[in-house]
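Report on the following structure.
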Amino acid sequence: MNVRIEALAEATYVTPEGRLDFDAAPGFQESLERLLGAGGKAPAALIIDGAALEYVSSAGLRAVLLGARAAQKAGVPFALCALQPAVREVFNLSGFSRIIAVHPDRATALAQAQPGRA
Amino acid sequence: MTTRRTAVPADPAQLSVLTEFLREFGSAAALAPTQLGNLELALEEIFLNIAMHGSEPGVAPRVEVSLSLNTDAVTMTVEDDGPQFDPLSLPPPDVTASLADRPVGGLGVFLVRKLMDTVSYERVAGRNQLRMSKRLDGPA
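If you read the sequences in order, they're chains A and B. If you're matching positions, the first sequence starts at 13 in the numbering used here and goes up one per residue. If you're matching positions, the second sequence starts at 657 in the numbering used here and goes up one per residue.
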């Protein structure tokens with residue numbers, strides 16, 4: 013799975029492309045942890061853009077959960093946006109939508125991640 | 657349409673082989689993308705459960721998957737010759753726990769139950785048999 017990363021001043025956008033399954037989950041988790049890890053400058057917000065994400069399984073959910081936790085620990089706002097219906101359904105069923113912010117698009121996710129500007 | 661069947665060793669590296677098998681079936685049966693996606697998720701979760709937890713050291717069980725299309729549903733059966741294990745006996749995860757308290761595992765079988773219309777387990781002739789069905793025009 014390819015993961016596109018756009019590090020902008022207002023937020024870092026992570027766009028996983030294709031299938032976030034058991035094979036892809038470890039690499040994706042590593043990408044998130046690298047972005048949040050010590051050394052570099054922490055992003056202003058970490059927003060996962062689901063527009064190109066076609067599939068997620070429990071292994072993928074686990075990677076997102078661990079990413080959300082790492083972001084919380086680092087004090088970085090974390091959100092998902094633009095999930096396709098099938099992926100959104102899996103997030104809803106798993107109860108993840110209650111613990112991780114899910115927004116319709118990047119603009120909404122960004123506004124919510126910056127309380128001062130919302 | 658006839659039933660299609662394949663078998664692989666219970667090794668996580670075989671997941672892509674099974675996914676490809678299912679996608680070929682889905683395309684031949686003209687399944688809707690949502691239904692195919694739900695079946696892919698169910699197959700991944702059940703297969704990995706067997707591959708990660710259902711074997712004795714040094715012996716990978718053999719996993720057989722069969723798919724059949726009826727007039728109103730797809731039936732998928734996953735069988736393995738590993739130790740007796742009923743995945744449906746697992747307690748449901750707490751899907752209301754907070755971010756910090758949320759366990760990182762246990763969601764797979766829960767999602768399978770939610771996304772499939774029927775799921776049943778049987779131990780048949782020394783094999784674990786999990787049978788799932790997804791209605792063709794049911795709720796996605």
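Backbone N, C-alpha and C fix where the C-beta goes; we use that ideal spot for every residue, glycine too. Keep in mind it's a predicted model, so treat the numbers as computed, not measured.
Quick one: list the residues of chain A neighbouring residue i, beta-carbon separation under 7 Å, in chain order.
i	result
K770/B	L105
S724/B	Those within 7 Å of S724/B in chain A number zero; the least Cβ separation is about 23 Å.
V760/B	R74, L77 and L78
L763/B	S70, L73 and S106
What residues of chain B sit near residue i, judged by a beta carbon separation below 8 Å?
i	result
S109/A	Those within 8 Å of S109/A in chain B number zero; the least Cβ separation is about 10 Å.
L92/A	Within chain B, no residue comes near L92/A; the closest Cβ sits about 13 Å away, beyond 8 Å.
Would you decide whether residue i is buried or exposed? Buried here means 16 or more other CB atoms lie within 10 Å of its CB.
i	result
A666/B	buried
S776/B	exposed
M13/A	buried
G87/A	exposed
Y736/B	The amino acid at residue 736/B is misidentified as Tyr; the sequence shows Asp. By the neighbour-count rule (16 or more Cβ atoms within 10 Å), D736/B is buried.
V114/A	buried
L674/B	buried
A71/A	buried
R118/A	buried
G52/A	exposed
V719/B	buried
V768/B	buried
Residue i versus chain B: which residues are under 7 Å apart at the beta carbon?
i	result
A98/A	T690 and G693
Could you list which residues in chain A have their beta carbon closer than 8 Å to that of residue i, in chain order?
i	result
G682/B	Per Cβ cutoff of 8 Å: no residues; G682/B is ~13 Å from chain A at best.
L839/B	In the structure displayed, chain B extends from 657 to 796; residue 839/B sits before or after that span and is not available.
A716/B	Chain A residues near A716/B: none, gap ~16 Å exceeds 8 Å.
A756/B	R81 and Q84
If I'm right that residue i touches residue j with Cβ under 8 Å, what's the distance once you round it to whole angstroms?
i	j	result
K770/B	L695/B	That belief does not hold up - the Cβ atoms of K770/B and L695/B are roughly 13 Å apart, past 8 Å.
R16/A	E29/A	7 Å
I111/A	R787/B	About 33 Å separates the two Cβ atoms, so there is no contact after all.
G738/B	G710/B	4 Å
L792/B	A729/B	6 Å
A37/A	A75/A	4 Å
T659/B	L723/B	7 Å
N705/B	V760/B	Incorrect: roughly 15 Å between the Cβ atoms, too far for contact.
V734/B	T662/B	That belief does not hold up - the Cβ atoms of V734/B and T662/B are roughly 11 Å apart, past 8 Å.
P743/B	I702/B	7 Å
A23/A	P55/A	6 Å
Identify the contact partners of residue i in chain A, using a Cβ-Cβ distance below 9 Å as the criterion.
i	result
P668/B	F34 and D35
L767/B	S69, S70, L73, V102, L105 and S106
| message | For the stretch 688 to 711 of chain B, list every residue whose C-beta sits within 7 Å of some C-beta in chain D, in sequence order. | response | In the structure shown, chain D does not exist; the protein chains are A and B.
| Against chain A: residues of the stretch 732 to 753 of chain B by CB proximity under 9 Å | So the list reads P749, D750, V751, T752 and A753, given in the order they occur along the chain.
| said: Residues of the stretch 54 to 73 of chain A in Cβ contact with chain B at a cutoff of 9 Å, in chain order, please. | reply: If you check each beta-carbon in the stretch 54 to 73 of chain A against every beta-carbon of chain B, the ones closer than 9 Å belong to E66, Y67, V68, S69, S70, A71 and L73.
| Quick check: the stretch 686 to 705 of chain B against the stretch 105 to 124 of chain A, are there 3 or more CB pairs under 8 Å? | Too few Cβ pairs lie closer than 8 Å, so no.
| request: Count the CB pairs spanning the stretch 59 to 67 of chain A and the stretch 92 to 103 of chain A that are closer than 8 Å, and state whether there are at least three. | output: In the pairwise beta carbon analysis, the stretch 59 to 67 of chain A is classified as touching the stretch 92 to 103 of chain A: at least three pairs are separated by under 8 Å.
| task | Determine contact between the stretch 61 to 74 of chain A and the stretch 25 to 40 of chain A, defined as no fewer than three beta-carbon pairs at a distance below 8 Å. | result | With a cut-off of 8 Å, the stretch 25 to 40 of chain A and the stretch 61 to 74 of chain A count as touching, because enough Cβ pairs lie within range.
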